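So the protein sequences, as listed, match chains A and B. Following this note's numbering, the numbering of the first sequence begins with 4 at its first residue and continues without gaps. Following this note's numbering, the numbering of the second sequence begins with 4 at its first residue and continues without gaps. Below is one structure, written out as structure tokens; comments come after it.
Number of protein chains: 2
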Amino acid sequence: MESPQALVVLSGGQDSTTCLFWAMREFGSAQVVALSFDYRQRHRIELECAAAITHQAQIPHQVLSIDTFAALGNNSLTSEMAVATELNPQTGLPNTFVPGRNLIFLTFAAAYAYPRQIHHLVTGVSQADYSGYPDCREASLRSLEETLRLGMDYPLTIHTPLLHLSKREAVLLAQELGILPLLASTHTCYEGRRPPCGECPACRIRARGFAEAGIADPLLNL
Amino acid sequence: MESPQALVVLSGGQDSTTCLFWAMREFGSAQVVALSFDYRQRHRIELECAAAITHQAQIPHQVLSIDTFAALGNNSLTSEMAVATELNPQTGLPNTFVPGRNLIFLTFAAAYAYPRQIHHLVTGVSQADYSGYPDCREASLRSLEETLRLGMDYPLTIHTPLLHLSKREAVLLAQELGILPLLASTHTCYEGRRPPCGECPACRIRARGFAEAGIADPLLNL
């Protein structure tokens, strides 16, 4: 078997799932592998969704453990702290912000890619994300790409197919890729509920994207 | 108590220990904290040395767990694979190379620094290191600094006091800082032996540095 060309960082959410199928179209299904991180996220359902999606897509899937974020503490994605809908007045960021989380994910993805001679990383980050995480911005990602190339002395490209898409356009891309039904297997809700709570910021953004695209979210028809 | 200004990434080796005392001189002892990583290194003695050194220096010391490198496998620093003195013909690097290890350490250090409002990171990396790890080069570190600033939207400086020093000059800096006796508490040997094996690449480089400085290594007089 030829070695794969592209690695998709798969959270189990709508965006990274869309990116998985984008990569399968761009590189060919046999050339794609998926990597998820068990970083002690509060909602294990994300990892279950990632496993279900890769199983349906017949894509090799690896889960790597990262125990460090939980040790760092101080955020609501890995602790029992309630998810605030307000921004932290000190940082201007929601308390779901884990500083550097995407930098760590992509650096570990690169370390995984290196011995396997995979040169393309794909991530579902989007600047349209309401929360404005600084590690989801184009300048951060281009800088990280350069850091990884230099720091591993290895040619790597970080692909960000959703970076400049609105949530509406992301839904339309999923439609174009023919994976709307599969989005029923993705997880978005910050409250970890399935069917989703419909009230948390993540649910609201997802709902708005589908509404603006004029498409029914298959997740709501379970 | 004022919040600290500088965080030193402390491995327990000669170089990071010298950097700890460099930081104490530059920022003041009360302004420095030390961070070590338990990444399932083969030789736990490194972490014991880091604890002993910070205890002697009366510097707050935190150990953060990283279980991911062991899951990535494929290197001799976290597995039982023998340490080769030869280079890997495929990569031109010794098999102690963990791709991106310093990138990960510094990114987690930045994530630790962020909520504590620490803006200075100090690392003992050196370009004089025989092995030429690409993540110890100046270009990689400057790029990483930029990536962390952008990706966390937070002003950070990475200090690398040993970057351009030869091993001889690093020993002379330790002498200038008055910490030569303390270097008996540091660990260098890749074989994890104390007293050191004297034969592995790390022992040989350390010995050459002391020899060229005309100073006896206190570690050898235990």
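All residues carry an ideal CB built from backbone N, CA and C; glycine is no exception. Predicted model, so just to flag it, every value in this text is computed and none were measured.
(message) Less than 8 Å between CB atoms is the rule here; does T126/A satisfy it with respect to chain B?
(response) no
(message) Helix, strand or coil, according to DSSP, for V101/B in the structure here?
(response) coil
(message) How far does the beta strand (DSSP E) with A142/A in it extend, from its first residue to its last?
(response) Note, A142/A: premise wrong, no beta strand (DSSP E); alpha helix (DSSP H) at E141 to M155.
(message) Looking at P102/A: is its Cβ nearer than 8 Å to the Cβ of A60/B?
(response) no
(message) Strictly below 8 Å CB to CB, what residues from chain B border A74/A?
(response) L67 and S68
(request) Kindly indicate the opening and closing residues of the alpha helix (DSSP H) around T160/B. (result) Segment T160 to H162 is the beta strand (DSSP E) holding T160/B; no alpha helix (DSSP H) there.
(request) Could you pull out every residue in the same chain whose Cβ sits closer than 8 Å to the Cβ of L50/B, ignoring the five residues on either side in sequence? (result) G15, S39, D41, Q44 and V66
(message) Between the alpha carbons of L168/B and V125/B, how many angstroms are there, rounded?
(response) 15 Å
(request) Kindly indicate which three-state DSSP category E215/B falls into: helix, strand or coil? (result) helix
(request) Check the Cβ of A113/B against every Cβ in chain A and list those closer than 9 Å, keeping chain order. (result) P102, G103 and L106
(request) Report all residues from its chain with a CB closer than 6 Å to the CB of L175/A; omit the five preceding and five following residues, and keep chain order. (result) A216
(request) Look at the alpha carbon of T57/B and the alpha carbon of H64/B, and state the distance between them as a whole number of angstroms. (result) 6 Å
(request) Out of P184/B, A9/B, Y117/B and A131/B, state which residue places its alpha-carbon closest to the alpha-carbon of Q34/B. (result) A9/B
(request) Using a Cβ cut-off of 8 Å (strictly closer), state whether E149/A contacts chain B. (result) yes
(request) Give the residues from the segment 151-162 of chain A that approach chain B closer than 8 Å (Cβ to any Cβ), ordered along the chain. (result) L151, L153, G154, M155, D156 and Y157
(request) Give a yes or no on whether 8 Å exceeds the smallest Cβ distance from T110/A to chain B. (result) yes
(message) Suppose you measure from the CA of L144/B to the CA of R145/A; what does that come to, to the nearest Å?
(response) 15 Å
(message) Quick check on the burial criterion: 16 or more other C-beta atoms within 10 angstroms. Buried or exposed for A219/A?
(response) exposed
(request) Can you give me the start and stop residues for the beta strand (DSSP E) that H123/B sits inside? (result) H123 to V125
(request) Would you identify the three-state DSSP class for D138/A, choosing helix, strand or coil? (result) helix
(request) Please list the partners that S146/B has in chain A, where partner means a Cβ-to-Cβ separation under 8 Å. (result) S146, E149, T150, L153 and G154
(message) Taking the alpha carbon of E1/B as the reference point, which residue from H162/B, G135/B and T110/B has its own alpha carbon closest?
(response) In the structure as shown, chain B begins at 4 and stops at 225. Residue 1/B is therefore absent and cannot be evaluated.
(request) Verify the CB distance criterion: does A53/A have a CB-CB separation below 8 Å to chain B? (result) no
(request) Would you mind reading off the limits of the beta strand (DSSP E) that contains A9/A? (result) A9 to V12
(request) Buried or exposed for G154/A, please, with buried defined as at least 16 other CB atoms from any protein chain shown within 10 angstroms of its CB. (result) buried
(message) For Y193/A, would you say it is in contact with chain B, using Cβ-to-Cβ distances shorter than 8 Å as the test?
(response) no
(request) Kindly indicate the opening and closing residues of the alpha helix (DSSP H) around S275/B. (result) What the structure shows of chain B is the stretch from 4 to 225, and residue 275/B is not part of that stretch, so it cannot be assessed.
(request) Report yes if the C-beta distance between A173/A and T21/A is below 8 Å; otherwise report no. (result) yes
(request) Take the Cβ of I148/A as the centre, count every other Cβ of all protein chains shown within 10 Å, and call the residue buried at 16 or more, exposed below. (result) A quick correction: the sequence has Glu, not Ile, at residue 148/A. Buried: at least 16 other Cβ atoms inside 10 Å.
(request) Answer with buried or exposed for S6/A, where buried requires no fewer than 16 other C-beta atoms within 10 angstroms of its C-beta. (result) exposed
(message) Can you pull the chain A neighbours of P204/B, defined as C-beta to C-beta under 7 Å?
(response) Those within 7 Å of P204/B in chain A number zero; the least Cβ separation is about 19 Å.
(message) Considering only DSSP beta bridges, list what L67/B is partnered with.
(response) F40/B
(request) State yes or no: is the beta carbon of A85/B nearer than 8 Å to at least one beta carbon in chain A? (result) No answer about A85/B holds up, because its pLDDT of 47 lies below 50 and its placement is not dependable.
(message) Taking 8 Å as the threshold (C-beta atoms), are T71/B and L106/A in contact?
(response) no
(request) Run down chain B in chain order and give the residues with a C-beta less than 9 Å from the C-beta of A9/A. (result) Result: empty, since nearest Cβ-Cβ is about 18 Å, beyond 9 Å.
(request) Note down the Cα distance separating V128/B from L166/B, rounded to an integer number of angstroms. (result) 6 Å
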